[in-house]
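Visitor: Numbering (the numbering used here), first residue to last: 1 to 746.
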Ligand code: BGC
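Below, the structure written as structure tokens:
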């Protein structure tokens with residue numbers, strides 16, 4: 001990538017500028033404030049213009065139009081002594097004006113190339129307003145559906161999470177970071193934020209080093225390898241040390257081991273929050289601790305502005321460390337070409353938004369993000385979905401059937417409700433007004449008997465009911481939106497049961513930012529589609545999938561719980577000494593064999609639907625997994641002898657479309673290692689591939705596994721390839737597949 005942070009030319013430019021800067025100007029580059037639309041308690045400052053003129057601000061965010069960003073930029077470029085441009089940032093999370101499906105949904109496509117395209121579109125639109133920095137991707141591993149921010153990431157798996165991290169970085173940063181329509185990425189929240197105790201946002205995390213190294217760090221490392229220009233430190237403590245003052249993660253891992261050259265930004269006020277965390281009793285100490293631990297830029301706390309220069313003058317912070325942080329910032333500004341083109345072209349701003357090809361991409365992405373959870377027989381013996389063209393009258397019922405604002409999800413950027421097309425609107429344009437009946441039934445959180453009664457009457461008039469139920473995107477998902485109850489909010493469950501009681505065939509379309517615990521629905525409703533929050537093209541995408549013009553291909557990126565008490569729930573768990581896999585868990589424990597195992601006495605251990613699960617309108621069958629060798633040599637793997645028979649593994653499985661329609665299958669590869677010095681997960685994803693098969697067609701799916709797949713964090717506190725017994729599965733999800741076995745010998 002051109003404009004890469006390692007480019008020696010950038011270093012030379014940064015060095016030359018650094019040589020001219022006063023201490024105050026250096027500190028200024030490390031200061032970042034929000035202007036407008038706050039996302040938390042802010043500083044309340046209004047003197048940005050004066051500060052910019054004095055070179056006291058390096059970055060601003062939450063400015064969302066070219067006129068406003070240019071106005072600030074003119075002050076920086078014309079009035080400040082060294083004319084250093086401002087870097088404008090924003091939470092561009094799943095689109096800017098063209099809102100795509102939420103990140104959890106985008107990940108459910110398992111299609112990094114598609115996700116990269118959505119990020120590219122977001123970069124084009126955002127950069128047209130002067131924004132050159134996205135606080136995205138969120139690459140936090142999320143194993144607990146109570147955590148509201150699960151919606152912002154790629155789910156529970158580090159392998160898929162890494163692929164998505166790379167896709168976003170490439171999409172935002174493009175082929176050349178210095179192209180005016182490229183924007184700097186920011187992998188966040190570094191690190192372990194998703195492991196918040198109890199799923200409670202901002203809560204402490206305790207993560208062992210093997211788990212940190214193998215589960216939580218890999219997506220960040222992948223983002224760094226893909227060239228991310230920045231990293232955001234997090235709010236949480238990690239093993240007692242706040243991640244915004246954690247020298248182990250910020251210096252040792254990020255800088256020394258990974259060689260990261262870009263900006264480390266704090267999260268919103270995460271520096272002043274070191275005081276309530278209890279590792280600083282005043283602002284100056286918080287600033288010193290965060291800075292010396294490796295945070296370059298202070299988002300909103302204002303502690304660097306208030307204290308850094310004094311800390312240098314009193315010898316508490318060496319000036320060479322300030323220089324190093326400023327280098328990180330200047331390098332990114334030079335890499336972006338900000339000095340050459342600091343302004344957005346106001347005349348091109350509006351034409352850059354919502355272009356027809358972006359809308360088309362939004363529809364494709366939404367279609368591919370839906371996960372078909374259940375599709376059993378409707379009237380007649382055939383599955384209820386796809387709907388037949390002669391379906392008759394459809395009653396579309398529920399609070400999310402015609403709610404454009406909620407279709408945009410959480411972190412809606414500049415997305416506007418009027419840009420979104422709802423399910424109801426699309427059904428009407430497909431079938432005609434006379435064939436679509438509508439009743440809201442209830443609001444998301446509250447409803448009346450009368451409205452529910454009207455909905456039941458409406459259902460009775462229809463030939464089929466589509467229920468659109470779920471969460472409120474901005475109130476119940478995203479930041480500060482953790483939940484202890486994961487059922488349908490308000491009176492929606494009651495509405496669901498009353499509608500099903502009418503005896504009409506029911507399709508349930510679920511809108512949510514996480515899996516919801518709905519055992520009753522999964523038992524009584526014939527067809528259930530997880531639609532997440534699909535973005536501006538929600539309606540058209542849903543209608544195409546419901547009527548079978550598009551065959552569902554999405555698969556779950558999080559384990560779907562049966563009840564909240566199972567959380568945290570994730571497929572790549574460690575085994576126990578007393579696994580419950582041979583016990584019938586649907587029964588209460590009757591004897592010692594079924595009692596003293598790792599289980600609940602009142603719930604099954606398995607998820608409702610496993611990670612990787614998703615149905616299609618056709619079906620696929622997998623033949624046994626075949627492997628190229630029964631023995632791999634650890635030494636050959638270590639030296640990367642990919643061509644040697646013992647230095648890499650080829651895994652093949654024939655997959656057949658055993659149904660009546662053409663379809664696409666996402667084929668997954670998992671391994672398990674036993675006999676290692678540190679216990680390994682019962683399964684770990686190491687590959688995925690997508691194949692398209694006509695009815696009756698078979699394809700051989702082949703994966704090649706090299707050293708990365710077999711590397712673990714060992715009891716010697718280092719990455720290692722150890723002798724081990726290996727089990728390999730090629731499978732449609734994390735719970736199926738026939739195993740093949742081999743050994744890694746020393
Ligand atoms: C969030 C970040 C976000 C930042 C800036 C914080 O509250 O945790 O994800 O980038 O605000 O808006």
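Heads up, the beta-carbon is just placed ideally off N, CA and C, and yes, glycines get one too.
If you're wondering where the values come from, they're calculated on a predicted model, not measured in any experiment.
#1: How long is the line joining the alpha carbons of residue 247 and residue 294, rounded to whole angstroms?
#2: Starting from the C-beta of residue 119, find all residues in its chain whose C-beta is less than 6 angstroms away, skip the five residues before and the five after it, and write them out in chain order.
#3: Spatial neighbours of residue 736 within its chain, please: CB distance less than 7 angstroms, with the 5 preceding and 5 following residues excluded, ordered by chain position.
#4: With which residues is residue 179 paired in a DSSP beta bridge?
#5: So is the beta-carbon of residue 298 under 7 angstroms away from any non-hydrogen atom of the ligand BGC?
#6: Taking 8 angstroms as the limit between beta carbons, can you name the residues of its chain near residue 605, skipping five residues before and five after?
#7: Check whether the Cβ of residue 267 lies closer than 7 angstroms to any heavy atom of the ligand BGC, and answer yes or no.
#8: Does residue 725 come out as helix, strand or coil in the three-state DSSP assignment?
#9: For my contact list, residue 623 and residue 653 are in at a C-beta cut-off of 8 angstroms; report their separation, rounded to the angstrom.
#10: Taking the alpha carbon of residue 502 as the point to measure from, which residue in 540, 460 and 158 has its own alpha carbon closest?
#11: What's the gap between the Cα of residue 402 and the Cα of residue 613?
#12: Cutting at 6 angstroms between CB atoms, please list the residues of its own chain near residue 76, excluding the five before and the five after it.
#13: Going by CA-CA distance only, name the one from 533, 271, 70 and 435 that's closest to residue 390.
#14: Considering only heavy atoms of the ligand BGC, does any lie closer than 7 angstroms to the CB of residue 135?
#15: With DSSP as the reference, please indicate the residues paired to residue 740 in a beta bridge.
#16: Which word fits residue 537, buried or exposed, when buried means at least 16 other C-beta atoms lie within 10 angstroms of its C-beta?
#17: Compare the beta carbon distance of residue 138 and residue 101 with 8 angstroms and say whether it is the shorter of the two.
#18: For my contact list, residue 250 and residue 264 are in at a C-beta cut-off of 8 angstroms; report their separation, rounded to the angstrom.
#19: Please look up how many angstroms separate the CB atoms of residue 558 and residue 611, rounded, as I've assumed it's under 8 angstroms.
#20: Return yes when the C-beta of residue 349 is under 7 angstroms from any heavy atom of the ligand BGC, and no when it is not.
#21: Starting from the C-beta of residue 48, find all residues in its chain whose C-beta is less than 8 angstroms away, skip the five residues before and the five after it, and write them out in chain order.
#22: What does the alpha-carbon distance come out to for the pair residue 183 and residue 497?
#23: Just to confirm, is the Cβ distance from residue 415 to residue 408 under 8 angstroms?
#24: So the candidates are 298, 257, 278 and 277; which of them puts its Cα closest to the Cα of residue 269?
#25: Does at least one heavy atom of the ligand BGC sit under 7 angstroms from the Cβ of residue 389?
#26: Identify every run of the beta strand (DSSP E) within the stretch 229-278, keeping only runs that are complete inside it and at least 3 residues long; order them along the chain.
#27: Please list, in chain order, all residues of the same chain as residue 739 whose beta carbon is under 6 angstroms from its beta carbon, the five residues on each side excluded.
#28: Tell me the rounded alpha-carbon separation between residue 2 and residue 131.
#29: Distance check for residue 405 and residue 356, CA to CA, integer angstroms please.
#30: Please name the residue, chosen from 319, 550 and 633, that lies closest to residue 722 on a Cα-to-Cα basis.
#31: Would you list, in sequence order, the uninterrupted beta strand (DSSP E) runs of no fewer than 3 residues that lie entirely inside the stretch 134-200?
#32: Can you tell me whether residue 453 is helix, strand or coil according to DSSP?
Guide: The relevant details are as follows:
#1: In this structure, the straight-line span from the alpha carbon of residue 247 to that of residue 294 is close to 6 angstroms.
#2: Shown here for residue 119: same chain residues with a beta carbon closer than 6 angstroms to its own, the five before and five after excluded, namely 168, 171 and 172 in chain order.
#3: Nothing listed; no residue qualifies.
#4: Answer by DSSP bridge pairing: none, since residue 179 is not bridged.
#5: Using a cutoff of 7 angstroms, the CB of residue 298 does not count as near the ligand BGC, since none of the ligand's heavy atoms is closer than that.
#6: So the list reads 566, 580, 585, 598 and 599, once near-sequence residues are dropped.
#7: Because some heavy atom of the ligand BGC lies under 7 angstroms away, the Cβ of residue 267 counts as near it: yes.
#8: It is a strand residue.
#9: About 6 angstroms separates the two Cβ atoms, so the contact holds.
#10: Nearest of 540, 460 and 158 to residue 502, Cα basis: 460.
#11: Computed Cα separation, rounded: 28 angstroms.
#12: Excluding residues within five positions, the ones whose Cβ falls inside 6 angstroms are 52, 85 and 86.
#13: The shortest C-alpha separation from residue 390 is found at 435.
#14: True, at least one ligand heavy atom lies under 7 angstroms from that Cβ.
#15: Beta bridge pairing from DSSP links residue 740 with 728.
#16: Buried, since its Cβ has 16 or more Cβ neighbours within 10 Å.
#17: Inclusion of residue 138 and residue 101 in the CB contact set at 8 angstroms is not warranted, their separation being larger than that value.
#18: About 6 angstroms separates the CB atoms of residue 250 and residue 264; that is less than 8 angstroms, so the two are in contact.
#19: So it is a contact: roughly 7 angstroms between Cβ atoms.
#20: Checking every heavy atom of the ligand BGC against the Cβ of residue 349, none is found closer than 7 angstroms.
#21: Excluding sequence neighbours, residue 48 sits near 33, 35, 57, 60 and 72.
#22: Near 48 angstroms, if we compare the C-alpha coordinates of residue 497 and residue 183.
#23: Between residue 415 and residue 408, the C-beta gap is smaller than 8 angstroms, which places the two residues in contact.
#24: Residue 298 holds the alpha-carbon nearest to the alpha-carbon of residue 269 among 298, 257, 278 and 277.
#25: False, no ligand heavy atom lies under 7 angstroms from that Cβ.
#26: Within the stretch 229-278, the complete beta strand (DSSP E) runs of at least 3 residues are 230-233 and 263-265.
#27: Residues of the same chain with a CB within less than 6 angstroms of the CB of residue 739, apart from the 5 flanking positions on each side, are 727 and 729 in chain order.
#28: In this prediction, residue 2 scores a pLDDT of 48, lower than 50, which makes its location untrustworthy; the coordinate-derived value is nonetheless stated afterwards. Going by the C-alpha atoms only, they are around 19 angstroms apart.
#29: Cα to Cα, the separation comes out at about 20 angstroms.
#30: Nearest to residue 722 by C-alpha distance, out of 319, 550 and 633, is 633.
#31: Fully enclosed beta strand (DSSP E) runs of 3 or longer: 186-190.
#32: In this structure, residue 453 counts as helix in the three-state DSSP scheme.
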